[in-house]
Amino acid sequence: MINPVNLRATIGAREVTRQEVLDWESRRADAVLAKFASRLGDLGIDELLPDHAEVRRAPLPTRRTALNTLKYGLGHAGMYAMLKREIAFSERMTRAGVAMSRGRVKFAATRLQVPGLSAQRFGEWFDNLVVINDEKTMNAACPDHYLLRGLGDGRQEVVETTGGAPAASRFLVDYQRTEAIEIPADPDYPIQIVGTAYLDDGLVIGGVRHQFRDTNGVLDAMMTVQFPAAVPARNIHQHQWHLACEFSNWLIASEPYAAA
């Protein structure tokens, strides 16, 4: 059985502890719970989460569950409505950032190492989340996930706060399109999950290359997200923590299938 304490994360050149990642997740959980309370008002949040006042002071696992309760209680249409202005603002900023970047890109990269998991089996498990549209597992991995779902054509729809962005954004990821991805593939990592992120009209805004290998019984994962170069350095750094949070939780959740 995985001991989460043994899960090592490296952000930039610094190795961070599991507790530091959990502390980051806890702060984001507080922020997102506060956003729901503000947007829904007393009647709305009482309807979906009657004990929300106590939940705000509860341990992190309880707050994770509460956030999923709110997200599923609202449903997709409710989430679009709650975040309508944020998504519109974020799309305008993203389009401006792509134009300003003139094709140049930046990368946010985080490395995770966890004993006892198989890279091949984790890759299969992760791919399957989109195939079977396991929204619960996809959303629960990070407080800033508002809506992650697999679409019928194999693409993924994402509504999330990306790193330190001021607003939630919405985009699509196509794991069959890789031509715009500039993140180098490392031949030492045989398991590659690569996809292009774009808006509804096809404007490419970034993408991902997540790479996995097994090293002496340890799953070694390098997760990298490609952004337009105009994205501020603070946002890039915060998205490294976002990656550490979501993939740590996905790695732990995958254990029943991905154990070596």
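Residue numbers (full-length UniProt numbering): 1 to 260. From the three backbone atoms N, C-alpha and C, an ideal C-beta is built for every residue, glycine too. Remember, predicted model here, so these are calculated numbers, not experimental data.
Nearest by alpha-carbon distance to Ala244: which of Asp214, Gly202, His210 is it?
Mapped onto the sequence shown, residue 244 falls at position 244. Of the listed residues, the one whose Cα sits closest to Ala244 is His210.
The alpha helix (DSSP H) with Ser101 in it runs from where to where?
Reading the sequence shown from its first residue, position 101 is the one you call residue 101. Residues 84 to 101.
For the alpha helix (DSSP H) holding Pro166, just list the boundary residues, first then last.
For the purposes of this step, residue 166 is identified with residue 166 of the sequence shown, where counting begins at 1. Element bounds for Pro166: n/a, residue is neither H nor E.
Which residue wins for smallest C-alpha separation from Ala119, given the options Trp241, Leu7, Asp220?
To locate residue 119, count along the sequence shown from 1; it is residue 119. Minimum Cα distance to Ala119 is reached at Asp220.
Would you mind stating whether Gly116 and Ile2 have Cβ atoms separated by less than 7 Å?
For the purposes of this step, residue 116 is taken as the residue at position 116 of the sequence shown. For the purposes of this step, residue 2 is taken as the residue at position 2 of the sequence shown. Yes.
Going by DSSP, what residue range makes up the beta strand (DSSP E) through Leu219?
For this step, residue 219 is matched to residue 219 along the sequence shown. Start and end: 218 to 228.
How about Gly195 and Gly206: do their beta carbons lie closer than 7 Å?
To locate residue 195, count along the sequence shown from 1; it is residue 195. To locate residue 206, count along the sequence shown from 1; it is residue 206. For Gly195 and Gly206, no; Cβs fall outside 7 Å.
Roughly how many angstroms separate the alpha carbons of Ala167 and Ala88, rounded to a whole number?
Residue 167 sits at position 167 when you count from the first residue of the sequence shown. Residue 88 sits at position 88 when you count from the first residue of the sequence shown. Computed Cα separation, rounded: 9 Å.
Could you pull out every residue in the same chain whose Cβ sits closer than 7 Å to the Cβ of Arg121, ignoring the five residues on either side in sequence?
Position 121 of the sequence shown, counting from 1, holds the residue named residue 121. If we look at Arg121 and ignore the five residues flanking it on each side, its Cβ neighbours are Tyr257, Ala258.
Between the Cα of Asp127 and those of Gly150, Ala140, Thr110, spot the shortest distance and give me the residue it belongs to.
Position 127 of the sequence shown holds residue 127. Looking at Gly150, Ala140, Thr110, the one whose alpha-carbon comes closest to that of Asp127 is Gly150.
On the criterion of 16 or more Cβ atoms from any shown chain inside 10 Å, does Gln240 qualify as buried, or is it exposed?
The count along the sequence shown starts at 1 and reaches residue 240 at position 240. Counting Cβ neighbours within 10 Å, Gln240 comes out buried, since at least 16 surround it.
For Val131, does the count of other Cβ atoms within 10 angstroms reach 16, so buried, or fall short, so exposed?
Walking along the sequence shown from the start, residue 131 turns up at place 131. It is exposed - the Cβ of Val131 has fewer than 16 other Cβ atoms within 10 Å.
Specify, as a first and last residue, the run of the beta strand (DSSP E) that Leu112 falls within.
Locating residue 112 in the sequence shown gives position 112, where the first residue counts as 1. Start and end: 105 to 115.
Let me check one thing: in DSSP terms, what residues is Glu160 bridge-paired to?
Counted from its first residue, the sequence shown places residue 160 at position 160. Glu160 pairs with His145, Ser169.
Going by beta carbon distance, what residues of the same chain come within less than 6 Å of Glu135, once the five residues before and after it are set aside?
The count along the sequence shown starts at 1 and reaches residue 135 at position 135. Here the set comprises Arg149.
Do you know offhand how far Asp214's Cα is from Asp186's?
The sequence position of residue 214 within the sequence shown is 214, counting from 1. The sequence position of residue 186 within the sequence shown is 186, counting from 1. Distance between the alpha carbons of Asp214 and Asp186 is about 14 Å.
Measure the beta-carbon distance from Ala34 to Ser90 and round it to whole angstroms, keeping in mind my assumption that it falls under 8 Å.
Residue numbering aside, residue 34 sits at position 34 when the sequence shown is read from its first letter. Residue numbering aside, residue 90 sits at position 90 when the sequence shown is read from its first letter. Actually they are not in contact, since the Cβ atoms of Ala34 and Ser90 sit about 19 Å apart, beyond 8 Å.
Between which two residues does the alpha helix (DSSP H) carrying Val21 extend?
Locating residue 21 in the sequence shown gives position 21, where the first residue counts as 1. 18 to 48 is the span of the alpha helix (DSSP H), which, as asked, contains Val21.
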